[in-house]
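Engineer: Supplied in structure tokens, the structure appears directly below.
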Ligand code: CP
Ligand code: NVA
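Numbering (our numbering), first residue to last: 416 to 717.
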């Protein structure tokens with residue numbers, strides 16, 4: 416495995432297998448001693464419920480101690496050069512979990528840190544989320560090969576990470592976005608290149624009804640991500656045909672599960688009725704953040 420987990424592209428199929436097989440073991444026992452005596456720092460520029468708590472609790476369950484550094488503490492990129500922060504923190508810590516606005520900030524941290532850096536969400540990627548999502552799909556379907564995951568909404572950090580990983584694990588991935596909200600071209604091309612080799616179907620279109628046909632898993636995320644609050648009004652308008660609701664789901668034509676990385680903006684990207692329905696597996700997804708990230712930390716920071 417690479418030193419850092421910055422995006423799904425850092426992992427090969429055998430890394431992903433190792434993460435998932437350790438996840439399965441760790442999920443059966445709450446506490447263990449893989450990271451006994453280590454200290455992990457959480458450097459966050461944005462708010463968080465799941466990422467912060469699941470990494471922190473997970474680290475403690477593995478025997479490690481944690482330091483949470485809120486946006487106002489480190490002021491990453493503002494108070495001093497990131498390369499200095501990275502080198503100083505490496506003298507104190509055994510690993511860094513970072514949540515940033517600019518993806519370049521994570522890259523800088525990883526480049527200059529001696530210790531492993533794990534991306535806990537940047538504007539471009541959310542690999543820990545996508546790993547937990549795919550683990551959840553495997554739990555529900557018994558496998559991910561040949562399953563169809565459909566994402567309706569913004570071609571954002573979550574989509575990029577799902578694309579990078581689904582191409583590697585054999586999960587077919589269709590995305591529908593409004594015009595102007597496509598996944599990043601370079602990232603998409605990279606995912607397509609991998610998918611071509613692995614025989615996975617990855618596609619993007621502008622028609623939610625068309626994309627959703629035959630889905631095994633239907634996924635959405637907020638229309639306004641953290642840091643985009645000023646665009647909210649425009650986004651509400653641009654995304655209005657991309658709400659995951661009962662009407663749209665009629666087009667699936669089979670049994671499906673509903674996924675969401677959370678937080679949920681109810682009645683925007685998804686209706687309350689759908690997120691609360693029997694098909695929704697969002698809390699299993701959220702729980703699996705804990706188990707999968709424990710495996711990631713155990714493998715990277717040991
Ligand atoms: N899904 C997710 O990363 O949630 P938080 O922003 O609460 O960490
Ligand atoms: N796309 C969302 C994901 C939140 C977990 C954001 O970046 O805010």
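All C-beta atoms, glycine included, are put in the ideal place defined by N, C-alpha and C.
1. Do the segment 520 to 534 and the segment 472 to 485 meet, that is, are 3 or more Cβ pairs less than 8 Å apart?
2. Taking buried to mean at least 16 other C-beta atoms within 10 Å of its own C-beta, is residue 467 buried or exposed?
3. Hey, how far is the Cα of residue 503 from the Cα of residue 668?
4. Quick one: grab the DSSP three-state call for residue 622.
5. Which same chain residues end up closer than 8 Å to residue 495 when comparing Cβ atoms and leaving out the 5 residues on each side of it in sequence?
6. What three-state label does DSSP hand residue 465 in the structure shown?
7. Roughly how many whole angstroms lie between the Cα atoms of residue 554 and residue 690?
8. Does the segment 556 to 564 touch the segment 627 to 637, meaning 3 or more C-beta pairs lie closer than 8 Å?
9. Closest to residue 577 by CA distance: which of 556, 595, 615 is it?
10. Would DSSP call residue 662 helix, strand or coil?
11. How many angstroms separate the CA atom of residue 650 from the CA atom of residue 575?
12. Within its chain, find whatever has a CB closer than 6 Å to the CB of residue 541; leave out the 5 residues flanking it on each side and keep chain order.
13. Counting C-beta neighbours from all protein chains within 10 Å, is the total for residue 449 16 or more, i.e. buried, or is it exposed?
14. Below 8 Å on the Cβ atoms is my contact criterion, and I expect residue 510 with residue 663 to pass it. Report the Cβ-Cβ distance as a whole number of Å.
15. Does the beta-carbon of residue 698 have 16 or more other beta-carbons within 10 angstroms, so that it is buried, or is it exposed?
16. Closest to residue 637 by CA distance: which of 619, 514, 659 is it?
17. Would a C-beta distance cut-off of 9 Å place residue 453 and residue 419 closer than the cut-off?
18. With the cut-off set at 9 Å, would you say residue 516 and residue 461 are in Cβ contact?
19. Run through DSSP, which three-state label would residue 494 get?
20. With the cut-off set at 9 Å, would you say residue 551 and residue 431 are in Cβ contact?
21. Quick one: what's residue 674 bridged to in DSSP?
22. For residue 725, which of helix, strand or coil comes out of DSSP?
23. Please list, in chain order, all residues of the same chain as residue 513 whose beta carbon is under 7 Å from its beta carbon, the five residues on each side excluded.
24. Does the distance between the C-beta of residue 637 and the nearest non-hydrogen atom of the ligand NVA fall short of 8 Å?
25. Give a yes or no on whether the C-beta atoms belonging to residue 654 and residue 538 are separated by under 9 Å.
26. Give me the Cβ distance between residue 621 and residue 652, rounded to the nearest whole Å; I'm assuming they're in contact under 8 Å.
27. Taking C-alpha atoms, which residue in 639, 617, 679, 484 lies nearest to residue 604?
28. The ligand NVA and residue 505: does any heavy atom of the ligand fall closer than 8 Å to the residue's C-beta?
29. Suppose the cutoff is 7 Å on Cβ atoms and the five residues either side in sequence are ignored; what does the same chain contact list for residue 434 look like?
30. Tell me residue 563's beta-bridge partners as DSSP assigns them.
31. For the beta strand (DSSP E) that contains residue 480, what are its first and last residues?
32. Kindly examine the ligand CP and report whether one of its heavy atoms sits closer than 8 Å to the Cβ of residue 481.
Structural biologist: For this structure:
1. No: fewer than three Cβ pairs fall under 8 Å.
2. buried
3. Take the alpha-carbon of residue 503 and the one of residue 668: they are about 55 Å apart.
4. Residue 622: coil per DSSP, three-state reduction.
5. Correct list: empty, nothing qualifies.
6. helix
7. 19 Å
8. yes
9. 615
10. helix
11. 19 Å
12. 572, 573, 576
13. buried
14. Wrong, their Cβ atoms sit about 41 Å apart, outside the cutoff.
15. exposed
16. It is 659.
17. no
18. yes
19. coil
20. no
21. DSSP lists 634 as partners of residue 674.
22. The chain is shown only over 416 to 717; residue 725 falls outside these bounds and no answer can be derived.
23. 458, 521, 524, 532, 534, 535
24. Yes - the ligand NVA has a heavy atom lying nearer than 8 Å to the Cβ of residue 637.
25. no
26. Not quite, the Cβ-Cβ distance comes to about 16 Å (not below 8 Å), so this is no contact.
27. 617
28. no
29. Beyond the five residues adjoining it in sequence on each side, residue 434 comes within less than 7 Å, by CB distance, of 546, 707, 710, 711, 714 in the same chain, given in chain order.
30. 587
31. 480 to 484
32. no
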